[in-house]
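**Student:**
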Amino acid sequence: MDARVSPEHVAGVALGDALVIRTAGARVTDGAALEVRMLWTLMSMATGATPNLEL
338 MDARVSPEHV AGVALGDALV IRTAGARVTD GAALEVRMLW TLMSMATGAT
388 PNLEL
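Per my numbering, residue 338 is the first one in the sequence shown, and the count goes up by one each step.
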C-alpha cells in the first residue's frame with residue numbers, strides 16, 4: 338500500500354481501531370512477522386483470550 342494512503346479509509350475502520358505496521362517496500366520481513374507474533378502474545382496475556390487479528 339502506498340504510504341500516502343490512509344489505512345483507515347482503505348480498511349473502512351475508524352482512526353485508532355486498527356493496528357497498522359508499515360515496512361520498507363511493503364514486504365513482510367522476519368522482523369515484521371516477529372513483531373506481529375509478539376503483539377499477539379501480549380494481547381493474549383492481557384485479555385486472557387485469543388486475539389482477533391486479520392492479516
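Even glycine gets a Cβ: it sits at the ideal position worked out from N, Cα and C. Given the structure is predicted, the values throughout are model-derived calculations rather than measurements.
1. Is R364 helix, strand or coil by DSSP?
2. In whole angstroms, what separates the C-alpha of E372 from that of V347?
3. Can you find the residues in the same chain that come closer than 7 angstroms, C-beta to C-beta, to R359, ignoring five residues on each side of it along the sequence?
4. So, helix, strand or coil for L376, using DSSP?
5. Reducing DSSP to helix, strand and coil, say where L371 ends up.
**Tutor:** Looking at the atomic coordinates:
1. coil
2. 22 angstroms
3. A340
4. helix
5. helix
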